[in-house]
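Below is one structure, written out as structure tokens, with a few remarks after it.
Residue numbers (full-length UniProt numbering), protein chains in the order written: chain A, 1 to 558; chain B, 1 to 558.
Following this line, the structure appears as structure tokens:
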């Protein structure tokens with residue numbers, strides 16, 4: 001009885017999981033640690049703390065309050081990091097706007113999220129100028145200006161400029177306590193079909209993602225670790241799934257952080273060299289570009305750890321990276337999952353595996369993080385065997401998955417059918433618990449009564465020394481249902497360019513050893529100049545299928 | 001509006017922080033990893049999972065249900081680990097009974113916690129036999145038997161024996177979802193005054209303590225790390241603050257675990273050697289005992305990492321451990337705090353510090369863990385300066401602190417006065433954020449208008465090569481208010497035993513260099529045979545003060 005009385009009292013002990021609590025240890029334990037922007041601006045964590053307070057104070061003056069949505073359009077910067085903290089910490093919602101969307105899509109997402117304040121970098125003024133008439137909810141614009149480009153003409157009535165707003169505010173702000181389930185962030189997914197869909201995450205979810213991600217990333221025996229001595233630089237944009245949540249993890253670790261601004265391959269490589277970057281994450285196509293830019297030829301990359309996500313890590317790319325000394329491995333997640341779900345970390349003892357076997361593990365989709373309840377299931381939601389062969393859809397529960405899509409109950413209910421989040425990825429799990437995505441539900445190729453993994457064929461083709469990039473798509477086939485087609489971009493530097501037949505023979509060899517089925521060998525291989533990508537750099541297979549079908553029709557018509 | 005509708009629906013996405021979720025990754029990723037008991041019994045994590053289910057099934061048959069309390073009296077064992085999971089996971093409360101309390105106190109705590117089922121090791125049958133008439137709530141007894149001691153005569157009507165109960169149950173159990181704030185564990189603090197007080201922790205609190213502790217312990221650059229490749233053995237009892245929560249962390253990491261049974265110094269050292277133990281935690285007095293047992297002389301301890309807690313880590317002990325190659329450092333926490341609050345980890349760059357400076361850092365109280373909001377305050381709850389000199393009481397907020405004392409609203413309100421948990425520890429914080437406890441509020445010696453830290457003087461005296469153990473207490477003094485008295489146990493192996501005057505001169509030297517004030521030099525030093533300790537091995541200063549006062553009175557009377 002007495003306990004019941006006690007427990008109904010206002011709870012002195014209550015500790016909501018709020019983003020502000022992530023700052024206790026870094027601000028006190030590493031106040032002099034550096035945060036660098038593009039190599040030419042640098043500040044300390046102490047200053048970060050003050051600027052977070054100033055940003056909140058400035059936004060409050062402009063009318064932001066609990067429940068407001070503040071949208072940001074910026075390159076990867078210390079300012080974005082400040083927004084990651086200040087906006088949720090004051091009880092508002094941070095909308096990270098995907099600046100690679102079309103102007104019409106950007107207008108749609110800002111309206112849909114009901115953003116009232118927009119912080120926008122000068123580089124995006126033409127976009128805002130174009131869509132200004134369509135913006136329904138934004139009442140206040142704040143200019144972000146790097147002062148290194150010529151001021152362009154515009155008619156936007158800016159209420160303030162970011163730095164002057166901060167200068168006019170106090171370096172302290174009384175961030176309140178509130179419910180940990182308060183929405184902290186929102187952003188829009190970039191599917192290849194339909195309108196962008198908004199996902200959203202609460203303070204509780206982001207704190208749990210941060211601490212669990214930190215635990216998972218730090219705990220390998222050696223290598224592949226994100227630890228207190230690292231220097232961090234994201235190379236996945238901060239508008240996309242909180243740059244994998246890594247800036248929050250980096251901040252709690254108290255490490256030196258480097259924000260590269262707009263992605264220019266030469267600048268990224270120089271930053272790795274000059275700032276001593278040791279830990280990054282990016283998509284495979286970007287790493288491919290970095291390794292092949294002229295600047296990279298002379299830079300020592302042997303202290304660099306890189307997680308590859310946003311798609312499978314091709315073994316060819318992994319080998320090229322390992323040859324440069326890069327400690328590369330795959331990670332897995334999606335917009336709906338905050339994003340971290342699994343990491344292809346080496347288990348203790350794997351250090352002694354032969355290099356090829358290690359490479360294979362590094363390219364797997366990975367081992368689920370603590371607290372992640374991940375299953376592969378058939379269409380009746382029954383588990384399939386963990387034998388490395390049987391495949392099923394990846395469904396998942398974890399403390400940090402989006403509760404649904406913003407203002408879209410139908411899609412939300414579908415996402416969460418049966419109480420698990422449906423990733424729409426097809427995967428197998430081997431006896432050592434490594435997950436391996438074999439395809440997207442919509443990209444899997446059904447040929448001759450079998451499911452052929454487009455990703456596996458891509459991985460095999462990518463290992464050919466003459467291949468720069470590859471996409472494998474399914475096309476309709478009267479006899480087999482579907483057949484795989486390979487679209488290949490050649491490596492420009494090869495003396496003897498790879499031919500379509502070379503590729504076919506290369507894949508055929510794998511089929512003859514039994515590694516893949518005969519249905520998986522592409523009968524058609526096309527050399528192309530480039531492959532269509534989505535705004536976040538993934539292969540746009542829907543478009544590729546359409547293009548291929550259109551070209552086939554043209555050819556048969558002519 | 002649509003969102004509001006969605007959010008009021010039964011939440012498919014809801015993920016309560018329940019202890020069962022800690023098992024997802026270890027059971028799937030390291031099913032073949034070993035858990036060892038005393039070196040002669042061993043099982044795999046796969047078996048752990050099955051035995052956790054069997055234990056829950058067996059207890060359910062005996063009447064345990066949601067909200068029941070199940071008490072355990074056992075040595076450190078795989079069975080205790082099973083209880084850590086199974087009992088909370090079925091919705092019941094695990095009471096870990098302090099077997100070092102007096103029989104009357106044990107009866108008091110079991111009654112006070114309202115335990116209905118008691119699992120008790122054969123070694124404690126004489127205690128249960130003695131208090132059985134006083135036990136009010138227990139209706140069912142289960143025997144735990146190592147089968148290696150002669151069965152003693154008893155009259156307790158056991159409902160079952162642990163292993164036969166498990167054998168009769170199913171290796172699967174449908175652990176339900178429930179509110180994450182459900183109480184998971186309770187145990188009683190062992191203060192030197194008054195009745196034992198019960199603290200309690202919820203599923204949410206234990207999950208957050210586990211994940212954050214894992215993150216903090218894994219993230220140093222090198223050394224002092226608890227990582228996936230370690231072999232873990234606790235040497236603080238599992239009845240006391242969940243053995244610092246480390247068994248939960250070890251399980252999520254999926255490491256080999258070694259449970260030593262009853263603490264016999266020779267056996268502990270042999271287990272370190274034979275099982276390859278690399279990570280442990282204990283109180284200073286136990287490590288002192290281990291290092292000085294005959295078995296230890298010939299064992300290589302250079303792969304062993306040890307956290308010292310439950311009191312300051314004396315520099316003398318730290319040096320002795322480092323000389324043996326042990327990677328030793330201090331940790332801080334208490335029964336009320338689950339317990340982890342801080343760890344004396346070396347910051348990046350500290351590896352290059354000179355050995356004495358490193359030693360000093362390892363012996364500090366440490367750096368607070370992520371999410372821990374730790375302050376040192378004066379009597380008006382105002383922060384004192386972080387200059388390494390000013391001292392105040394340590395008050396703290398964190399997501400894993402006891403909500404209060406069981407059925408004791410007055411003490412609970414006092415514990416949480418002002419919205420922070422009051423540790424009653426006095427500390428300073430230096431410019432690098434290292435916390436340093438200087439004393440307990442009740443043990444601090446007020447002399448000549450100054451606060452003299454008994455712990456600091458103990459630390460200085462412990463560095464004398466002839467000193468095995470030391471306690472510094474305050475005694476009443478008409479002129480100065482209080483004066484420090486040092487009680488010293490000599491090292492038996494020294495050829496020339498240290499004298500009382502040697503000790504005084506040793507401390508005086510530190511006073512002359514200004515390191516401590518002149519009030520801190522004990523005018524009275526007494527060589528004694530042993531020092532009175534509490535049931536968890538801490539110096540019992542209250543008793544030491546009483547003993548000293550009584551002896552002084554006797555001497556003046558005679």
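In this text, a Cβ means the ideal position worked out from N, Cα and C, and glycines have one as well. A quick note: this is a predicted structure, and the numbers were derived from the prediction, not measured.
### Query
Are residue 205 of chain A and residue 400 of chain A touching if we call contact CB-CB under 8 Å?
To locate residue 205 of chain A, count along the first chain from 1; it is residue 205. To locate residue 400 of chain A, count along the first chain from 1; it is residue 400. In contact: residue 205 of chain A and residue 400 of chain A (Cβ atoms closer than 8 Å).
### Task
Take every Cβ of the segment 261-279 of chain B, pair it with every Cβ of the segment 303-315 of chain B, and state whether three or more of those distances are shorter than 8 Å.
Between the segment 261-279 of chain B and the segment 303-315 of chain B there are three or more C-beta pairs closer than 8 Å, enough to call the two in contact.
#### Entry: Top-ranked residue by Cα proximity to residue 441 of chain A, from A:67, A:373, A:156 and A:473
Position 441 of the first chain, counted from the first residue, corresponds to residue 441 of chain A. For residue 441 of chain A, the nearest C-alpha among the options comes from A:473.
### Task
Using only the heavy atoms of the ligand COA, determine whether one of them is closer than 7 Å to the beta carbon of residue 303 of chain A.
The ligand COA is absent from the structure shown, which contains no ligands of any kind.
### Query
Is it buried or exposed for residue 186 of chain B, if we count other Cβ within 10 angstroms and need 16 for buried?
Looking up residue 186 of chain B in the second chain gives position 186. Classification for residue 186 of chain B: buried.
#### Entry: Cross-chain neighbours of residue 17 of chain A in chain B, by beta carbon under 7 Å
For the purposes of this step, residue 17 of chain A is taken as the residue at position 17 of the first chain. Ordered by position in chain B, the residues that pass the 7 Å Cβ test against residue 17 of chain A are 399.
#### Entry: Bounding residues of the beta strand (DSSP E) (the contiguous stretch that carries residue 582 of chain A)
No answer is possible for residue 582 of chain A: it lies beyond the span of chain A, which begins at 1 and ends at 558.
### Query
Just the Cα atoms here: how many angstroms apart are residue 6 of chain A and residue 409 of chain B?
Indexing the first chain from 1 puts residue 6 of chain A at position 6. Indexing the second chain from 1 puts residue 409 of chain B at position 409. The pLDDT assigned to residue 6 of chain A is 39, lower than 50, so where the model puts this residue is not dependable, and the model offers no usable value.
### Query
Assuming residue 171 of chain A contacts residue 50 of chain A under a Cβ cut-off of 8 Å, what Cβ separation, rounded to an integer in Å, is found between them?
Here residue 171 of chain A refers to the residue found at position 171 when the first chain is read from its first residue. Here residue 50 of chain A refers to the residue found at position 50 when the first chain is read from its first residue. Confirmed, about 4 Å.
#### Entry: Contacts that residue 331 of chain B makes with chain A (C-beta to C-beta distance below 7 Å)
Along the second chain, read from residue 1 onward, the residue named residue 331 of chain B stands at position 331. In chain order: nothing, as chain A lies at least about 15 Å away.
### Message
Alpha carbons only, please: which of B:448, B:437, B:384 and B:376 is nearest the one belonging to residue 421 of chain B?
### Response
Position 421 of the second chain holds residue 421 of chain B. Considering only B:448, B:437, B:384 and B:376, the residue with the shortest C-alpha distance to residue 421 of chain B is B:376.
### Task
State the CB to CB distance for the pair residue 564 of chain B and residue 335 of chain B, rounded to an integer number of angstroms; the pair is presumed to be in contact (CB under 8 Å).
The displayed coordinates of chain B run from 1 to 558. Any statement about residue 564 of chain B would go beyond what the structure contains.
### Query
Helix, strand or coil: which one does DSSP assign to residue 321 of chain B?
On the second chain, position 321 is the one that residue 321 of chain B refers to. Residue 321 of chain B falls in the helix class under three-state DSSP.
### Query
Is the distance from the Cβ of residue 471 of chain A to the Cβ of residue 491 of chain A below 8 Å?
Numbered from 1 along the first chain, position 471 holds the residue referred to as residue 471 of chain A. Numbered from 1 along the first chain, position 491 holds the residue referred to as residue 491 of chain A. No, they are not a contact pair.
### Task
From the DSSP output, read off the bridge partner residues of residue 375 of chain B.
For the purposes of this step, residue 375 of chain B is identified with residue 375 of the second chain, where counting begins at 1. Under DSSP, the beta-bridge partners assigned to residue 375 of chain B are B:395.
### Task
Please report the Cβ distance between residue 451 of chain A and residue 391 of chain A, rounded to the nearest whole angstrom; I am assuming they are in contact, meaning their Cβ atoms lie under 8 Å.
Counted from its first residue, the first chain places residue 451 of chain A at position 451. Counted from its first residue, the first chain places residue 391 of chain A at position 391. In this structure residue 451 of chain A is in contact with residue 391 of chain A, their Cβ atoms being roughly 7 Å apart against a cut-off of 8 Å.
### Message
What would DSSP say about residue 417 of chain A, mapped onto helix, strand or coil?
### Response
Residue numbering aside, residue 417 of chain A sits at position 417 when the first chain is read from its first letter. Residue state, collapsed to three classes: helix.
### Query
Of the choices A:239, A:246, A:237 and A:238, whose alpha-carbon is the least far from that of residue 231 of chain A?
Position 231 of the first chain holds residue 231 of chain A. Of A:239, A:246, A:237 and A:238, the residue nearest in Cα terms is A:246.
### Task
Grab the span of the beta strand (DSSP E) containing residue 471 of chain B for me, first residue to last.
Here residue 471 of chain B is taken as the residue at index 471 of the second chain, counted from 1. Looking at the DSSP string, the run of the beta strand (DSSP E) that includes residue 471 of chain B is 467-477.
### Task
Classify residue 121 of chain B as helix, strand or coil using the three-state DSSP reduction.
Taking the first residue of the second chain as 1, we reach residue 121 of chain B at position 121. It is a strand residue.
### Query
What is the C-beta distance between residue 109 of chain B and residue 120 of chain B, in whole angstroms, given that I count them as a contact (C-beta under 8 Å)?
The residue you call residue 109 of chain B lines up with position 109 of the second chain. The residue you call residue 120 of chain B lines up with position 120 of the second chain. Beta-carbon to beta-carbon, residue 109 of chain B and residue 120 of chain B are separated by about 14 Å, too far to satisfy the 8 Å threshold.
#### Entry: chain B contact residues for residue 29 of chain A, given Cβ-Cβ distances below 7 Å
Here the question's residue 29 of chain A lines up with position 29 in the first chain. Close to residue 29 of chain A, with beta-carbon spacing below 7 Å, are these residues of chain B in chain order: 367 and 433.
### Query
Is it true that the CB of residue 344 of chain A sits closer than 8 Å to the CB of residue 319 of chain A?
In the first chain, the residue the question calls residue 319 of chain A occupies position 319. In the first chain, the residue the question calls residue 344 of chain A occupies position 344. With contacts defined as CB atoms closer than 8 Å, residue 319 of chain A and residue 344 of chain A fail to qualify as a contacting pair.
### Query
Closer than 8 Å, CB to CB, is residue 277 of chain A near chain B or not?
Within the first chain, numbered from 1, the residue matching residue 277 of chain A stands at position 277. Contact of residue 277 of chain A with chain B is not assigned, every C-beta pair being separated by 8 Å or more.
### Residues within the segment 344-355 of chain A neighbouring chain B, beta-carbon criterion of under 9 Å
Within the segment 344-355 of chain A, the qualifying residues are 345, 347, 348 and 349.
### Task
Confirm, please, whether the CB-CB distance from residue 529 of chain A to residue 547 of chain A is below 8 Å.
Taking the first chain and counting its residues from 1, one reaches residue 547 of chain A at position 547. Taking the first chain and counting its residues from 1, one reaches residue 529 of chain A at position 529. Using a Cβ distance threshold of 8 Å, residue 547 of chain A and residue 529 of chain A do not count as a contacting pair.
### Message
Taking its Cβ as the centre, do 16 or more other Cβ atoms sit within 10 Å of residue 57 of chain A, making it buried, or is it exposed?
### Response
Here residue 57 of chain A refers to the residue found at position 57 of the first chain. It counts as buried.
### Query
Using a beta-carbon distance below 8 Å, is residue 242 of chain A in contact with chain E?
Although the question refers to chain E, the structure presented lacks it and instead comprises the protein chains A and B.
### Message
My output table needs one value for residue 170 of chain A: the three-state DSSP class, helix, strand or coil.
### Response
Looking up residue 170 of chain A in the first chain gives position 170. Reduced to three states, the DSSP call for residue 170 of chain A is coil.
### Query
For the 8 Å Cβ check, are there 3 or more pairs between the segment 69-76 of chain B and the segment 246-261 of chain B?
Verdict: yes, contact present.
### Spatial neighbours of residue 166 of chain B in its chain, beta-carbon cut-off 7 Å, leaving aside the 5 residues before and after
Along the second chain, read from residue 1 onward, the residue named residue 166 of chain B stands at position 166. Spatial neighbours of residue 166 of chain B in its own chain (CB-CB distance under 7 Å, excluding positions within 5 residues in sequence) are listed in chain order as 51, 54, 55 and 58.
### Task
Please name the residues in the segment 193-219 of chain A whose beta-carbon is closer than 7 Å to at least one beta-carbon of chain B, in chain order.
Those would be 211, 212, 214, 215, 218 and 219, in chain order.
### Message
Using C-beta distances below 6 Å, list every residue in its chain close to residue 514 of chain B, excluding the 5 sequence neighbours before and after it, in chain order.
### Response
One-based indexing of the second chain puts residue 514 of chain B at position 514. Cβ neighbours of residue 514 of chain B beyond the five flanking positions: none.
### Task
Below 8 Å on the Cβ atoms is my guess for residue 198 of chain A versus residue 288 of chain A; work out the distance and round it to an integer in Å.
Numbered from its first residue, the first chain carries residue 198 of chain A at position 198. Numbered from its first residue, the first chain carries residue 288 of chain A at position 288. Wrong, their Cβ atoms sit about 31 Å apart, outside the cutoff.
### Task
Determine the chain B residues that contact residue 227 of chain A at a beta-carbon separation under 9 Å, and present them in chain order.
The residue given as residue 227 of chain A occupies position 227 in the first chain. What residue 227 of chain A touches in chain B: 218, 219, 220, 221, 222, 225 and 348.
### Task
Using 10 angstroms around the beta-carbon of residue 174 of chain A, count the other beta-carbons present and answer buried if the total reaches 16, otherwise exposed.
Along the first chain, read from residue 1 onward, the residue named residue 174 of chain A stands at position 174. Of the other Cβ atoms in all chains shown, fewer than 16 fall within 10 Å of the Cβ of residue 174 of chain A; this residue is therefore exposed.
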